[in-house]
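Comments concern the structure below.
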Amino acid sequence: MTTENIFSIPRRSQVARQFKQHGGLVAAVLPIHYPRALLRAFNILPMEVWGPPQVDVSYGAAHVQPYVCSIVRNALSFILTGGLDVADLIMIPHACDSLQGLGSILLDFLPPKQPAIPIYVPRNDRKEGEIFFAEELQLLYARLEEITQKSPSDEVLVESIRREEIADELLTRLHKQRGSLQLTDYDFYLNIRAREYLPAEDFIELAQSILVGPFDGQQDGIPIILSGIVPEPMGLLKTISQFGGRVAADDLACCGRRLYPPGSNQDPFLRMAESILGVSPDWCRGSPIQDRLDHLQRMIDSTGAQGAIFYNVKFCEPELFDLPDLRRGLGEIGIPTTTIEIDISDPISSQAMTRIEAFFEMIQ
Amino acid sequence: MNLVDSLRYHWNVNILGPSILRFSIWLREQTARRGWKSGNLAPPLKVSWRNKDLVTRHWLRGHYANQRSKVAWVTSGAPVELLKALDYYIVYPENHAAICGTARVAVDIMSEAEEAGYSQDICSYARTDFGTLFSGMTPVGKLPRPDLLLACTNICQTVLFWYRVLARHFNIPLIVIDTPFVYQSEASEHAVQFVLRQLEEAIPVAERVAGKSLEERRLEEVGRLSKLATELWLEIIERNQHRPAPISVIDQFIQMAPIVEMRGDAATVDFYAAMLKEVDERIAKGIGAVKGERKRLLWDNLPIWYRLRYIAEFLGEHGIAIVASTYTNAWGELAPFYKVERGLESFALACTYVILNRGTGHKLKTMQRMIEEYRLDGVILHSDRSCKPYSIGQMDQRDRLIREHEKPALLLEADHNDFRCFAEEQVANRLAAFVEMLER
Chain A
778 MTTENIFSIP RRSQVARQFK QHGGLVAAVL PIHYPRALLR AFNILPMEVW
828 GPPQVDVSYG AAHVQPYVCS IVRNALSFIL TGGLDVADLI MIPHACDSLQ
878 GLGSILLDFL PPKQPAIPIY VPRNDRKEGE IFFAEELQLL YARLEEITQK
928 SPSDEVLVES IRREEIADEL LTRLHKQRGS LQLTDYDFYL NIRAREYLPA
978 EDFIELAQSI LVGPFDGQQD GIPIILSGIV PEPMGLLKTI SQFGGRVAAD
1028 DLACCGRRLY PPGSNQDPFL RMAESILGVS PDWCRGSPIQ DRLDHLQRMI
1078 DSTGAQGAIF YNVKFCEPEL FDLPDLRRGL GEIGIPTTTI EIDISDPISS
1128 QAMTRIEAFF EMIQ
Chain B
163 MNLVDSLRYH WNVNILGPSI LRFSIWLREQ TARRGWKSGN LAPPLKVSWR
213 NKDLVTRHWL RGHYANQRSK VAWVTSGAPV ELLKALDYYI VYPENHAAIC
263 GTARVAVDIM SEAEEAGYSQ DICSYARTDF GTLFSGMTPV GKLPRPDLLL
313 ACTNICQTVL FWYRVLARHF NIPLIVIDTP FVYQSEASEH AVQFVLRQLE
363 EAIPVAERVA GKSLEERRLE EVGRLSKLAT ELWLEIIERN QHRPAPISVI
413 DQFIQMAPIV EMRGDAATVD FYAAMLKEVD ERIAKGIGAV KGERKRLLWD
463 NLPIWYRLRY IAEFLGEHGI AIVASTYTNA WGELAPFYKV ERGLESFALA
513 CTYVILNRGT GHKLKTMQRM IEEYRLDGVI LHSDRSCKPY SIGQMDQRDR
563 LIREHEKPAL LLEADHNDFR CFAEEQVANR LAAFVEMLER
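Chains as they are written, first to last, in the numbering used here: chain A, 778 to 1141; chain B, 163 to 602.
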């Protein structure tokens, strides 16, 4: 079952090509939060760019300093080397100072072929944050109208929102049921990360095919929590399996921190804002560290995880600020933790592998 | 505070402390002026003692602040006027960290934070302040415990992450004023309204902690004083359009402390009025910050606090003065936004249009304008490892300055507070090569 599913996942370039053949447009979208439903209402397929890992980094390094994280540097390299030429627009959600800088450089100094559109995600999930974000989405709507010469009606928008909500709900179920899915961690992430680029309707099909089973009880391996930004290089997941571990739940910016709950507002813009700002706590919305810690503890309680790996992209300052409190907090409830720092361009280092091995030995 | 404590406070803060302080400052000034050894740099401004007096008394009051009033820790771009009007004693952790940097004790202090797990890849100001929290080490004697935190994202997102750590550490309310980044030339109306709504929401929280209500008249008065001080500061730094420049940017870095941490105080207005007067006297007498000024530079980004004198001396030897800076300019350029009659809206605009909350292209335009207005010969861009929002974009800004303005521009790798990131020999070589280029 699993092999069939994995091999049926098309590559990003293939998905983009097919979508465009059917008259759609493609948006390359940088991390982290953005309105999928709004883009799809304009028949634009969002295709997320988390780096990517394998690019010639020298192009980006000519424009950003060495102390800027590899996600930003690689994304810039990818754009400059034509890696995103397939995209009709580039969207840069505001998540941190480095992504803010990237968006600004693209607008001011290195304009890509396509329109570059920044959006600001508020550091505030209270009512005023929601109102601002809904207005920001309305502004985006106007910009997309200019680009596509289309004006999707509220009905089209609501239909698109509902479709994305179904996909999000299935993604959440996949996360919750991962322990019994009989997928290796590597295969699980290959599947769920297809949400980063598959049209919602295709992802729904994929998720449903996985969720029909067969289920074969609980998986083997020492359950742990994986926290960080992105599981790249994905060899990490094989390394964890190799040393007898398995990821029971994750707090990754590209995965578990984006299990969007459905909105309830009748206004489509407010509904999208409500959903995006309603996800689990993370720094990029200014959530208190205690909320993040409580969230991790809930994950541990519900999965029986015996440890946590903080898998950080080098120079990711927001993650680094929270790290000591999170590690201390988990330590206080007897959960061992370790940190691995990576540059997404590099393979897993032998030092990191040794650290993971030692971590599982310690838990055992 | 009981009567004995109150008397002790007045004796220490208003009588004994200032007397000792003034005597020691006077003594140091006399010694420094008589023994001023630099053949290339003008002696410090006479008004410097007043700056030291203001700053030291501020920290002296800090010793007793928890007994006398509510204390707020705030970020440097925050609308502090709201808290001033509620009589909070204000601490700027960034300023405190800079003091540690200038006193060259920052690395010892930040090591304490690193031992507690904070990575060397996070802002060295934050690490310095965490180090003080964990160890109590500080050159200012004691930091009063905060009752409230106010962080405004207009200078960086880092302050948000930093203050979340403080909020957890102290278990106190954190007010976040989130200012959407201005990518284009103008902020959108809904972004300004968002900031305004947050300011309105912040007031009841600040009032609750302060235990008093905000009086409109008091806020207007504080706003008026802020505006006056900001305008004076802008006038002072614009005096450097004269040749020779009366004060260097290195002087400005030192003299900017009150505009950052005492904005809204009458004493700050008086101080900058006196400073402007002295600067004008220097202009009248033809005194330049660098003797025999031949070349004039722009400084971009934060200072390298622990090497201010070194850089001034190195360049001064060659008759080179740093006369303008995007950093010191940032504290003056917002003056037009302070419109007392527009109330909170003017604070929302001032918060939103801070240079660090605007795009990389805007910063380039600011530099280009300053090059023209100050008739500059070159630019030093401090690529500050600890300040990503200020530094990202500098590589392209440098290239444009060289190509489009034909101005030599140097990217100098360092860190504003962590001297372990300052490669002495490499910096000296790069500065020497830059000086040669300027001479061509």
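For glycine and all other residues, C-beta sits at the position ideal for the given N, C-alpha and C.
Item, Value
"Near-chain B residues of the stretch 828-848 of chain A - C-beta to any C-beta below 8 angstroms", "839, 840, 841, 842, 844, 845"
"Pair within 8 angstroms by beta-carbon distance, residue 536 of chain B and residue 452 of chain B", "no"
"Cβ-based burial, residue 821 of chain A [other Cβ within 10 Å; buried from 16]", "buried"
"Inter-residue spacing [alpha-carbon to alpha-carbon] between residue 1051 of chain A and residue 904 of chain A", "9 angstroms"
"Those runs of the alpha helix (DSSP H) which lie wholly inside the stretch 399-484 of chain B and span at least 4 residues", "411-417, 419-423, 428-447, 470-478"
"At least three beta-carbon pairs within less than 8 angstroms, the stretch 1030-1037 of chain A to the stretch 887-900 of chain A", "no"
"Segment limits, alpha helix (DSSP H) that includes residue 1061 of chain A", "Careful: residue 1061 of chain A lies outside any alpha helix (DSSP H) and carries neither H nor E."
"Buried versus exposed call for residue 464 of chain B [16 or more other C-beta atoms within 10 Å across all chains shown]", "buried"
"Touch test, the stretch 1011-1029 of chain A against the stretch 1125-1133 of chain A, Cβ-Cβ under 8 angstroms, three pairs minimum", "yes"
"Three-way DSSP call (helix, strand, coil) for residue 299 of chain B in this model", "coil"
"Bounding residues of the beta strand (DSSP E) (the contiguous stretch that carries residue 1087 of chain A)", "1084-1090"
"Contact the stretch 202-217 of chain B vs the stretch 238-256 of chain B: 3+ CB pairs below 8 angstroms", "no"
"Extent of the continuous alpha helix (DSSP H) to which residue 1138 of chain A belongs", "1127-1140"
"Interface residues of chain B facing residue 916 of chain A [CB-CB closer than 7 angstroms]", "350"
"Backbone secondary structure at residue 336 of chain B - three-state DSSP", "strand"
"Coil, strand or helix - residue 880 of chain A by DSSP", "helix"
"Chain B residues whose Cβ lies nearer than 8 angstroms to that of residue 901 of chain A", "338, 340, 360"
"Test: residue 815 of chain A CB closer than 8 angstroms to a CB of chain B", "no"
"Three-pair Cβ contact test at 8 angstroms for the stretch 238-249 of chain B versus the stretch 382-390 of chain B", "yes"
"Cutoff 8 angstroms; reference residue 795 of chain A; Cβ partners in own chain excluding five residues on either side", "787"
"Residue 1005 of chain A, DSSP secondary structure in three states", "strand"
"Cβ contact check for the stretch 216-227 of chain B and the stretch 358-366 of chain B: 3 or more pairs under 8 angstroms", "no"
"Stretch-stretch touch, CB-based, cutoff 8 angstroms, three pairs: the stretch 464-480 of chain B with the stretch 200-210 of chain B", "yes"
"Length-filtered (3 minimum) beta strand (DSSP E) runs lying within the stretch 849-901 of chain A", "866-871, 893-897"
"Straight-line gap, residue 872 of chain A to residue 394 of chain B (C-alpha atoms, nearest Å)", "36 angstroms"
"Chain B within 8 angstroms of residue 1109 of chain A, Cβ atoms only", "no"
"Separation of residue 862 of chain A from residue 803 of chain A, as counted between CA atoms", "10 angstroms"
"Three or more C-beta pairs below 8 angstroms linking the stretch 826-836 of chain A and the stretch 1060-1076 of chain A", "no"
"Status (buried if at least 16 other CB within 10 Å, exposed otherwise) for residue 185 of chain B", "exposed"
"Those residues which DSSP pairs with residue 1023 of chain A across a bridge", "A/1000"
"Segment contact, 8 angstroms Cβ cut-off, at least three pairs: the stretch 397-407 of chain B with the stretch 323-340 of chain B", "no"
"Beta-carbon proximity check, residue 974 of chain A vs residue 789 of chain A, cutoff 8 angstroms", "yes"
"Residue 546 of chain B - containing beta strand (DSSP E), residue span", "540-546"
"Closest by C-alpha distance to residue 857 of chain A, when choosing among A/846, A/841, A/1014, A/845", "A/841"
"With 16 other Cβ atoms within 10 Å as the buried cut-off, status of residue 1110 of chain A", "exposed"
"Residue 487 of chain B vs residue 414 of chain B beta-carbon contact at 8 angstroms", "yes"
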